[in-house]
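Residue numbers (full-length UniProt numbering): 1 to 101.
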């Protein structure tokens, strides 16, 4: 069988392999970009995703708690308003009396 292609042997072969590997890395670097920057971008993406997930969870749990105790919060808030109104009414009335005496 006749040789159709001349393949390099020995030192030339290893040199050719290194050149092919170098060209492949160069092509991948052009396609994918710098690995440090690529990892930094992925880290930033996952950090934003985790932050959004945490804020969403906190807000949903807070709204669920407020919704569960809405009647109690309504009555406690109403009682605080009444107590504050009585307190302010009494304290403002005392000041007026004490000024004129």
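Using N, Cα and C, we set each Cβ at its ideal position, and we do this for glycine too. All values reported here derive from a predicted model rather than from experimental measurement.
Cβ-based neighbour list, residue i, same chain, cut-off 8 angstroms, excluding 5 preceding and 5 following
| i | result |
| --- | --- |
| residue 66 | 73 |
| residue 38 | 32 |
| residue 13 | 7 |
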